[in-house]
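Trainee: Below are the C-alpha cells for one structure; questions will follow.
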Amino acid sequence: MALKDLTRDAVIAAINEFDSVGREQFLAKYGFAESRRLFVQYEGKSYDSKALAGAAHAFLSGQSSLKASEFSGGWRHAAGVLQHLGFDVVDRVPALTVHDLVRAIDRLRPATVASGPMLKQAVVLLWAIGLARRGADRVLTWERTHAELTPLLTAHHRSGERPEGRPDYPVAALYRAGLWTLDTSTSVPAAHGDARLRRWFDEHQPEGGLPEPVYELLRSSGVARVQVVSAIVDKFFGDFDYAAVTKAVGLEGDSVVDDDLMLPDEDAGIDDPKRDYQDLIAVVTNREPSTRGKRRPVVGNDPIRLAAARRAVLLRSEGFCENPACGKPAPDYTERGHPVLEVDHVSDIATGGRDHPVQMVALCPDCHAVKTRGRSRHQLRERLLVAARERHEAWAGTAALNGG
Ligand SMILES: [Zn+2]
Numbered sequence: 052m053a054l055k056d057l058t059r060d061a062v063i064a065a066i067n068e069f070d071s072v073g074r075e076q077f078l079a080k081y082g083f084a085e086s087r088r089l090f091v092q093y094e095g096k097s098y099d100s101k102a103l104a105g106a107a108h109a110f111l112s113g114q115s116s117l118k119a120s121e122f123s124g125g126w127r128h129a130a131g132v133l134q135h136l137g138f139d140v141v142d143r144v145p146a147l148t149v150h151d152l153v154r155a156i157d158r159l160r161p162a163t164v165a166s167g168p169m170l171k172q173a174v175v176l177l178w179a180i181g182l183a184r185r186g187a188d189r190v191l192t193w194e195r196t197h198a199e200l201t202p203l204l205t206a207h208h209r210s211g212e213r214p215e216g217r218p219d220y221p222v223a224a225l226y227r228a229g230l231w232t233l234d235t236s237t238s239v240p241a242a243h244g245d246a247r248l249r250r251w252f253d254e255h256q257p258e259g260g261l262p263e264p265v266y267e268l269l270r271s272s273g274v275a276r277v278q279v280v281s282a283i284v285d286k287f288f289g290d291f292d293y294a295a296v297t298k299a300v301g302l303e304g305d306s307v308v309d310d311d312l313m314l315p316d317e318d319a320g321i322d323d324p325k326r327d328y329q330d331l332i333a334v335v336t337n338r339e340p341s342t343r344g345k346r347r348p349v350v351g352n353d354p355i356r357l358a359a360a361r362r363a364v365l366l367r368s369e370g371f372c373e374n375p376a377c378g379k380p381a382p383d384y385t386e387r388g389h390p391v392l393e394v395d396h397v398s399d400i401a402t403g404g405r406d407h408p409v410q411m412v413a414l415c416p417d418c419h420a421v422k423t424r425g426r427s428r429h430q431l432r433e434r435l436l437v438a439a440r441e442r443h444e445a446w447a448g449t450a451a452l453n454g455g
C-alpha cells in the first residue's frame with residue numbers, strides 16, 4: 052500500500068464521500084486534522100488534501116485508508132501525488148499579520164557602533180514603507196533602488212557606520228531575514244567580503260522590494276503602518292532622532308497613519324474600529340514613556356505617537372463632536388474621509404496633561420472655540436476630561452487598564 056498507487060477515480064470517490072458526510076465527519080472518520088495550507092480545489096469546492104489522499108486509499112480495491120501518521124501531506128508526498136493525478140492543489144499561505152511583521156523586525160540583528168545599532172536596515176525599510184504608503188511600485192530596478200537609497204543612507208546614519216551610503220549591505224541583510232525579495236536565480240553572497248557583495252549587485256542588477264504580503268499590509272493599513280514604524284524606531288533608533296528620516300521618506304506627521312480607511316470600504320476592511328483603536332492605543336502607550344523623558348530626552352513631541360493618538364481619537368469620535376452636551380456631527384469630511392473635527396488635548400501638556408487619547412477629545416469647531424476662548428471653558432474642560440476617559444474606556448477594553 053502506498054500513495055503512489057492512488058488513482059484519480061479513488062480520489063473522486065473520496066471527494067464524493069466528503070461531500071455527502073461533511074468535512075467534520077469525514078476528518079473524524081479517517082482520523083485527520085484540518086489542513087492548514089494545502090487544499091484540493093475541485094469543482095469550486097476545497098478539500099483538505101492530506102485527508103483526501105488518506106481516505107482515497109480505501110477506495111482502491113482490497114485496500115484500507117492510510118493513517119495520518121503513515122505519510123506526509125507535503126508537496127513531495129500527498130499534495131504532489133494529487134497534483135500528479137490532475138487535481139488543483141492550492142497553498143493557502145497564511146495571511147501576514149502586523150504582529151508577524153513586528154516579530155520579524157524584532158528578530159533583525161543589526162551590527163552596532165558605539166552609540167547603538169546601525170541604522171541602514173531601518174532606513175531601507177522606512178523608505179520602502181514610504182513607497183507602499185504612496186502606492187508606488189513594489190518591485191524596483193536595482194538602479195533605481197540604488198539611486199534612491201544612496202543619498203538617504205548617506206544622510207541618515209550613526210557616527211561610525213560603515214560602509215557608508217551603500218544599499219547592498221542592508222538589502223542583502225533584509226533579504227536574508229525574509230523582509231526583502233530579490234529577483235535572482237543565484238544566491239546572494241554573505242555580507243562579509245565587502246567588494247564581493249557590491250560586485251554581485253552590480254553584475255546581477257536584481258529587481259527587488261518588500262515581499263508582496265508585507266507591501267500589501269503596509270499599503271492598505273495606516274494602523275499597521277504606524278505599528279511597524281514604531282517597532283522599527285524602537286528597535287533601531289533609541290535616543291537617535293528618527294524624525295528626519297521619516298520625513299525624508301514621506302512618513303512625516305499624520306501621513307504615517309493616514310489612509311482612506313475611515314471611508315466605508317469592505318475591501319479595506321474597517322470591520323472593527325475598536326480593534327484599530329486598541330492597536331493605536333498600544334502604540335501610544337508604548338511610546339509615551341519615551342516621550343515623557345523617561346527613556347529619551349525628547350519630551351512631548353514624538354511624531355509617531357502624536358499621529359497614532361490623533362488618529363485614534365478621530366476613529367473613536369465616529370464623526371461626532373465628543374462634547375457630551377453637543378454631539379453634533381462634523382460639519383464636513385476631508386478628502387480622505389476624516390471628519391472635520393479638532394483633536395484637542397483637554398489638559399495643557401505644558402501643565403502636566405497627558406498626550407494620550409484618555410485625555411484627548413474630538414470637538415466640532417464651535418465647541419473647540421468655546422473650549423479655547425469661552426468664559427465657560429473651565430467648566431467645559433472638567434466635563435471633557437470625564438467624557439474623554441469614559442469614551443476611552445468604552446473603546447479600549449482591556450487596553451484601558453494600561454492606557455488609563
Ligand atoms: Zn460640539
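The numbering used here puts the first residue of the sequence shown at 52, with every later residue one more than the last. Even glycine gets a Cβ: it sits at the ideal position worked out from N, Cα and C. Computed from a prediction, not measured in an experiment: that's the story for all the values here.
#1: According to DSSP, which residues form a beta bridge with residue 11?
#2: Is residue 202 helix, strand or coil when you go by DSSP?
#3: Got a sec? Which residues, its chain only, sit under 7 Å from residue 252 by beta carbon, not counting five neighbours each side?
#4: Give the secondary structure of residue 308 by DSSP, where H, G and I count as helix, E and B as strand, and everything else as coil.
#5: Provide the residue span of the alpha helix (DSSP H) that contains residue 86, from first to last.
#6: To the nearest angstrom, how far is the alpha carbon of residue 201 from that of residue 209?
#7: Go through its chain and collect everything with a Cβ distance to residue 432's Cβ below 8 Å, but skip five positions before and after it.
#8: Kindly list the residues whose CB is nearer than 6 Å to the CB of residue 375, restricted to its own chain and excluding five residues on each side of it in sequence; keep chain order.
#9: Using C-beta distances below 8 Å, list every residue in its chain close to residue 185, excluding the 5 sequence neighbours before and after it, in chain order.
#10: What is the chain-ordered set of residues for which the beta carbon lies under 6 Å from any non-hydrogen atom of ligand 2?
#11: What residues are listed by DSSP as bridge partners for residue 163?
#12: So is residue 382 buried or exposed if we call it buried at 16+ other beta carbons inside 10 Å?
#13: Under a three-way DSSP split, which group does residue 291 fall into?
#14: Per DSSP, residue 396 forms a beta bridge with which residues?
#15: Rounded to the nearest angstrom, how far is the Cβ of residue 335 from that of residue 356, given a contact under 8 Å?
#16: Looking at residue 282: is its Cβ nearer than 7 Å to the Cβ of residue 331?
#17: For the alpha helix (DSSP H) containing residue 220, name the first residue and the last one.
#18: Note down, in chain order, each residue of its chain lying with its Cβ closer than 7 Å to the Cβ of residue 181, except the 5 sequence neighbours on either side.
#19: Evaluate the contact criterion for the segment 110-123 versus the segment 86-99: three or more CB pairs, one atom per stretch, below 8 Å.
#20: With a threshold of 6 Å on Cβ separation, who are the neighbours of residue 91 within its own chain once the five nearest residues in sequence on each side are excluded?
#21: Taking residue 106 and residue 116 to be in contact with their CB atoms under 8 Å, please state how far apart those CB atoms are, rounded to whole angstroms.
Mentor: According to the structure data:
#1: Because the chain is modelled from 52 through 455, residue 11 falls outside the range shown and cannot be assessed.
#2: Counting from 1 along the sequence shown, the entry for residue 202 is found at position 151. Per DSSP, reduced to three states, the secondary structure at residue 202 is helical.
#3: Counting from 1 along the sequence shown, the entry for residue 252 is found at position 201. Excluding five sequence positions before and after residue 252, the CB atoms of its chain that fall closer than 7 Å to its own CB belong to 193 and 219, given in chain order.
#4: The sequence position of residue 308 within the sequence shown is 257, counting from 1. Reduced to three states, the DSSP call for residue 308 is coil.
#5: Mapped onto the sequence shown, residue 86 falls at position 35. Going by DSSP, residue 86 is part of no alpha helix (DSSP H) at all; its letter is neither H nor E.
#6: Residue numbering aside, residue 201 sits at position 150 when the sequence shown is read from its first letter. Residue numbering aside, residue 209 sits at position 158 when the sequence shown is read from its first letter. Cα atoms of residue 201 and residue 209: separation of roughly 15 Å, rounded to the nearest angstrom.
#7: Taking the sequence shown and counting its residues from 1, the one referred to as residue 432 is at position 381. So the list reads 397, 398 and 422, once near-sequence residues are dropped.
#8: Position 324 of the sequence shown, counted from the first residue, corresponds to residue 375. Only residues of its own chain outside the window of five on either side were considered, and among them 438 have a CB closer than 6 Å to the CB of residue 375, listed in chain order.
#9: Along the sequence shown, one-based indexing puts residue 185 at 134. So the list reads 301, once near-sequence residues are dropped.
#10: Looking for ligand 2 in the displayed structure turns up nothing; the ligands present are ligand 1.
#11: For the purposes of this step, residue 163 is taken as the residue at position 112 of the sequence shown. As computed with DSSP, residue 163 is found in a beta bridge with 168.
#12: Within the sequence shown, the letter at position 331 stands for residue 382. Under this definition residue 382 is an exposed residue.
#13: Residue 291 sits at position 240 when you count from the first residue of the sequence shown. In the structure shown, residue 291 adopts coil according to DSSP, grouped into three states.
#14: Along the sequence shown, read from residue 1 onward, the residue named residue 396 stands at position 345. When beta bridges are read from the DSSP output, residue 396 appears opposite 411.
#15: For the purposes of this step, residue 335 is taken as residue 284 along the sequence shown, with counting starting at 1. For the purposes of this step, residue 356 is taken as residue 305 along the sequence shown, with counting starting at 1. The C-beta distance from residue 335 to residue 356 rounds to 5 Å, short enough to meet the 8 Å contact threshold.
#16: Counted from its first residue, the sequence shown places residue 282 at position 231. Counted from its first residue, the sequence shown places residue 331 at position 280. No, the pair does not count as a contact, with Cβ atoms beyond the cut-off.
#17: Position 169 of the sequence shown holds residue 220. Residue 220 -> alpha helix (DSSP H) spans 219-227.
#18: Along the sequence shown, one-based indexing puts residue 181 at 130. Counting only Cβ-Cβ distances below 7 Å, and skipping sequence neighbours, we find 300, 301 and 302.
#19: At 8 Å Cβ cutoff, the stretches do not touch.
#20: Taking the first residue of the sequence shown as 1, we reach residue 91 at position 40. 98, 100, 103, 133, 138 and 140.
#21: The residue given as residue 106 occupies position 55 in the sequence shown. The residue given as residue 116 occupies position 65 in the sequence shown. Contact between residue 106 and residue 116 holds, with the beta-carbon distance rounding to 5 Å and staying under 8 Å.
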